[in-house]
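Colleague: Each protein sequence line maps, in turn, to chains A and B. According to the working numbering, the first sequence holds residues 121 to 362 in order. According to the working numbering, the second sequence holds residues 121 to 362 in order.
There are 2 protein chains.
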Amino acid sequence: MKLTVVGIGPGNEENMTLRAVKALEEAQVIVGYQVYVDLVKDRYPGKEFLTTGMTREAQRCRMALEEAKKGKAVAMVCSGDSGVYGMAALCYELRGDSLEPEIEVVPGLTAACSGGAVLGAPLTHDFAVISLSDRLTPWEKIEARLRHAAQADFAIAIYNPKSHGRPHHLAKACDILLEILPETRLCGVVRNIGREGEQAELMSLRQLRDYDADMFCTVFIGNEMTRSIAGKLVTPRGYRDE
Amino acid sequence: MKLTVVGIGPGNEENMTLRAVKALEEAQVIVGYQVYVDLVKDRYPGKEFLTTGMTREAQRCRMALEEAKKGKAVAMVCSGDSGVYGMAALCYELRGDSLEPEIEVVPGLTAACSGGAVLGAPLTHDFAVISLSDRLTPWEKIEARLRHAAQADFAIAIYNPKSHGRPHHLAKACDILLEILPETRLCGVVRNIGREGEQAELMSLRQLRDYDADMFCTVFIGNEMTRSIAGKLVTPRGYRDE
Numbered sequence: 121m122k123l124t125v126v127g128i129g130p131g132n133e134e135n136m137t138l139r140a141v142k143a144l145e146e147a148q149v150i151v152g153y154q155v156y157v158d159l160v161k162d163r164y165p166g167k168e169f170l171t172t173g174m175t176r177e178a179q180r181c182r183m184a185l186e187e188a189k190k191g192k193a194v195a196m197v198c199s200g201d202s203g204v205y206g207m208a209a210l211c212y213e214l215r216g217d218s219l220e221p222e223i224e225v226v227p228g229l230t231a232a233c234s235g236g237a238v239l240g241a242p243l244t245h246d247f248a249v250i251s252l253s254d255r256l257t258p259w260e261k262i263e264a265r266l267r268h269a270a271q272a273d274f275a276i277a278i279y280n281p282k283s284h285g286r287p288h289h290l291a292k293a294c295d296i297l298l299e300i301l302p303e304t305r306l307c308g309v310v311r312n313i314g315r316e317g318e319q320a321e322l323m324s325l326r327q328l329r330d331y332d333a334d335m336f337c338t339v340f341i342g343n344e345m346t347r348s349i350a351g352k353l354v355t356p357r358g359y360r361d362e
Numbered sequence: 121m122k123l124t125v126v127g128i129g130p131g132n133e134e135n136m137t138l139r140a141v142k143a144l145e146e147a148q149v150i151v152g153y154q155v156y157v158d159l160v161k162d163r164y165p166g167k168e169f170l171t172t173g174m175t176r177e178a179q180r181c182r183m184a185l186e187e188a189k190k191g192k193a194v195a196m197v198c199s200g201d202s203g204v205y206g207m208a209a210l211c212y213e214l215r216g217d218s219l220e221p222e223i224e225v226v227p228g229l230t231a232a233c234s235g236g237a238v239l240g241a242p243l244t245h246d247f248a249v250i251s252l253s254d255r256l257t258p259w260e261k262i263e264a265r266l267r268h269a270a271q272a273d274f275a276i277a278i279y280n281p282k283s284h285g286r287p288h289h290l291a292k293a294c295d296i297l298l299e300i301l302p303e304t305r306l307c308g309v310v311r312n313i314g315r316e317g318e319q320a321e322l323m324s325l326r327q328l329r330d331y332d333a334d335m336f337c338t339v340f341i342g343n344e345m346t347r348s349i350a351g352k353l354v355t356p357r358g359y360r361d362e
């Protein structure tokens, strides 16, 4: 029947779109990474749930496509957006030139937006989104992107600042940024967006270098205009009275 | 009472989050740019609506803050996200060091995500978001950001590709990108996301240069891996069977 690739946002129901909720309600089978399926499982009793482990993305997408080909309504859940670091592209890749099963992509709140809202408004102006995971991307390429983003005065949202086997990536990334940006550049970290233990902290780029981030953190680097206003991380766009 | 800055996404109700719907339902006053208020007005009868014209952002935010200070529940609507090119930052700026009225930022689907989903999955990997509006940003800075984004092999989402008084910005931006990227680089344009007349087109960067975009378009430039799969714009992240 149809595979719907659903961005569920940061994890709590209120940050899901009506369209995402509807897609899960209408699905017979919900497929996903174990951790994300656990986020929605209790809200959708009576569904069939299929999960795979952390690095089994291709297996997961193939499984979802197969179930849909059998005639089932299948929803594949992705945390955040279904596109941004999500599974939509891989589903299209694995389906290839065929148009069967139908694929629908339902967007969701990515951490740049949901985490930005917790911190204040750090991404009001042009920005870049960079993952520090070098599992699928050479570290040299990540370094080059950090450099260009800093040189271009983009605000930056950093995903995957740390994970198993990559304990020092955030510090390494900050060292690169510190070659270009001042130590005082204002940054923010948000943890457990929209979940229990949600937490936001503002700090300088120098402090961020030694911050103990974990895999539930999203990191924001301000641009040259970013400042702290009443405890919030705010990047002005430059609106004036006209 | 409280000012809630609400990202309403691309415009149709199904792309709003549950939290955004709730914020509008609970508001006594809904404030916004006329065009965005018109998108939600019919769905929330019995509210007080306050609107201002296109470049009156500061006036609009002041009005919203004043209404909240009077003890009303106020929702300020922003198209897309409340942060990304939205009004959240300006509300914090205008409130200044005070903590009154309370401000809550409710994130919404930005066009990078909602438009990406219409085209396929162009932003699976690191990406940059750049507005071509030079009303508040010097054109030289926009040019520099385009150059750095291309050099860093970011996929790029371009907002405000054209507007009154800026008919040639997209062509100018493409000329800059064409200094670095090949003419064949795959791009996409999406128009009227989530609204009547929604439309997606794939084309080369060379074709994009002469494309007649309007202010309802969001433009996507692929990275070096982006390709067309069964009519969709897809940027692989590089997942393989493991």
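In this text, a Cβ means the ideal position worked out from N, Cα and C, and glycines have one as well.
Over the uninterrupted alpha helix (DSSP H) stretch that includes Y156(B), give me the two end residues.
Modeller: Segment Q154 to K161, the alpha helix (DSSP H) holding Y156(B).
Colleague: Hey, how far is the Cα of T175(B) from the Cα of F247(B)?
Modeller: Distance between the alpha carbons of T175(B) and F247(B) is about 28 Å.
Colleague: At least one CB of chain B closer than 7 Å to the CB of T304(A): is that the case?
Modeller: Closer than 7 Å: no.
Colleague: Between A320(A) and L290(A), is the Cβ-Cβ spacing less than 7 Å?
Modeller: It is not a contact, given that the beta carbons lie outside the stated cut-off.
Colleague: Run down chain A in chain order and give the residues with a C-beta less than 7 Å from the C-beta of N135(B).
Modeller: Going along chain A in sequence order, the residues near N135(B) (Cβ under 7 Å) are T137 and R139.
Colleague: Which bits of chain B does R286(A) rub up against, with CB to CB less than 7 Å?
Modeller: Neighbours of R286(A) on chain B: none; closest Cβ ~16 Å, over 7 Å.
Colleague: Just the Cα atoms here: how many angstroms apart are R267(A) and V354(B)?
Modeller: Cα to Cα, the separation comes out at about 26 Å.
Colleague: Identify every residue that forms a DSSP beta bridge with G129(B).
Modeller: Bridge partners of G129(B): G200(B).
Colleague: Between L239(B) and G203(A), is the Cβ-Cβ spacing less than 7 Å?
Modeller: The answer is no: Cβ separation not under 7 Å.
Colleague: Just mark H245(A) as buried or exposed, buried being the case when its beta carbon has 16 or more other beta carbons within 10 Å.
Modeller: The residue in question, H245(A), is buried, as its Cβ has 16 or more Cβ neighbours within 10 Å.
Colleague: At 4 residues or longer, and completely inside the segment 247-319 of chain B: list those alpha helix (DSSP H) runs for me, N to C.
Modeller: For the segment 247-319 of chain B, whole alpha helix (DSSP H) runs of length 4 or above, ordered along the chain, are 259-271 and 289-298.
Colleague: I'd like the span of the beta strand (DSSP E) that includes R347(A), first residue to last.
Modeller: Taken as a continuous stretch (DSSP letters only), the beta strand (DSSP E) holding R347(A) covers R347 to I349.
Colleague: If the cut is a Cβ gap below 7 Å, which residues of chain B does G308(A) touch?
Modeller: Here the premise fails: no neighbours, minimum Cβ distance about 12 Å.
Colleague: Do we get a CB-CB distance below 7 Å when we pair V354(B) with the residues of chain A?
Modeller: It does; some Cβ of chain A falls within 7 Å.
Colleague: Give me the Cα-Cα distance between L286(B) and F336(B), rounded to the nearest whole angstrom.
Modeller: The question names Leu, but residue 286(B) is Arg in the sequence shown. Distance between the alpha carbons of R286(B) and F336(B): 14 Å.
Colleague: Assign M323(A) to one of three DSSP states: helix, strand, or coil.
Modeller: It is a strand residue.
Colleague: Under a three-way DSSP split, which group does L214(B) fall into?
Modeller: Three-state result, L214(B): helix.
Colleague: Check the Cβ of R265(B) against every Cβ in chain A and list those closer than 7 Å, keeping chain order.
Modeller: The contacting residues are D246, A272 and F274.
Colleague: DSSP three-state call for K189(B): helix, strand or coil?
Modeller: Here K189(B) sits in helix by DSSP.
Colleague: Residues of the segment 148-170 of chain A in Cβ contact with chain B at a cutoff of 9 Å, in chain order, please.
Modeller: Those would be none; no residue qualifies.
Colleague: Can you pull the chain A neighbours of E213(B), defined as C-beta to C-beta under 7 Å?
Modeller: Within chain A, the residues near E213(B) are I349, V354 and P356.
Colleague: Say yes only if the C-beta of L239(B) is nearer than 6 Å to one or more non-hydrogen atoms of the ligand ADP, and no if none qualify.
Modeller: Among the components of this structure there are no ligands whatsoever, and the ligand ADP is therefore not found.
Colleague: Is there a Cβ from chain A that is less than 7 Å from the Cβ of V363(B)?
Modeller: Absent from the model: residue 363(B). The displayed extent of chain B is 121 to 362, so no value can be given.
Colleague: Report yes or no: do the segment 272-281 of chain A and the segment 339-355 of chain A share at least 3 C-beta pairs separated by less than 8 Å?
Modeller: The segment 272-281 of chain A, when compared against the segment 339-355 of chain A, does touch it at the 8 Å Cβ threshold.
Colleague: Under 7 Å between C-beta atoms, does C233(B) make it to chain A?
Modeller: Chain A contact via Cβ: present.
Colleague: List the residues of chain A that A241(B) touches, going by C-beta distances under 7 Å, in chain order.
Modeller: Near A241(B) (Cβ distances below 7 Å), the residues of chain A are G203, A208, A209, Y212 and V225.
Colleague: Ordered along the chain, which non-local residues of its own chain (more than five positions away) have a Cβ less than 6 Å from that of T230(B)?
Modeller: G200, D201 and V204.
Colleague: Can you confirm whether A188(A), when its beta carbon is compared against all beta carbons of chain B, has any partner nearer than 7 Å?
Modeller: No, no contact with chain B.
Colleague: Tell me whether R215(A) is buried or exposed, calling it buried when 16 or more other Cβ atoms sit within 10 Å of its Cβ.
Modeller: Counting Cβ neighbours within 10 Å, R215(A) comes out buried, since at least 16 surround it.
Colleague: Mind checking whether A169(A) and V155(A) have CB atoms under 7 Å apart?
Modeller: Per the sequence shown, the amino acid found at residue 169(A) is Phe instead of Ala. No; because the gap between Cβ atoms is not below 7 Å, this pair is not in contact.
Colleague: Going by the beta-carbon positions, is the gap between V339(A) and I278(A) smaller than 7 Å?
Modeller: A contact, by the Cβ cut-off of 7 Å.
Colleague: For V310(A) and L306(B), what's the separation of their Cα atoms in angstroms?
Modeller: Computed Cα separation, rounded: 34 Å.
Colleague: Find the nearest neighbour of I300(A) within the set V126(A), L159(A), V225(A) and L325(A), judged by alpha-carbon distance.
Modeller: Of the listed residues, the one whose Cα sits closest to I300(A) is L325(A).
Colleague: Can you check whether the CB of V226(A) is closer than 7 Å to the CB of S126(A)?
Modeller: According to the sequence shown, residue 126(A) is Val rather than Ser. Result yes, Cβ atoms of V126(A) and V226(A) sit closer than 7 Å.
Colleague: How about G131(B): is its C-beta nearer than 7 Å to some C-beta of chain A?
Modeller: No, no contact with chain A.
Colleague: Return the bridge partner residues of C181(A) from the DSSP annotation.
Modeller: Partner(s): none; C181(A) has no beta bridge.
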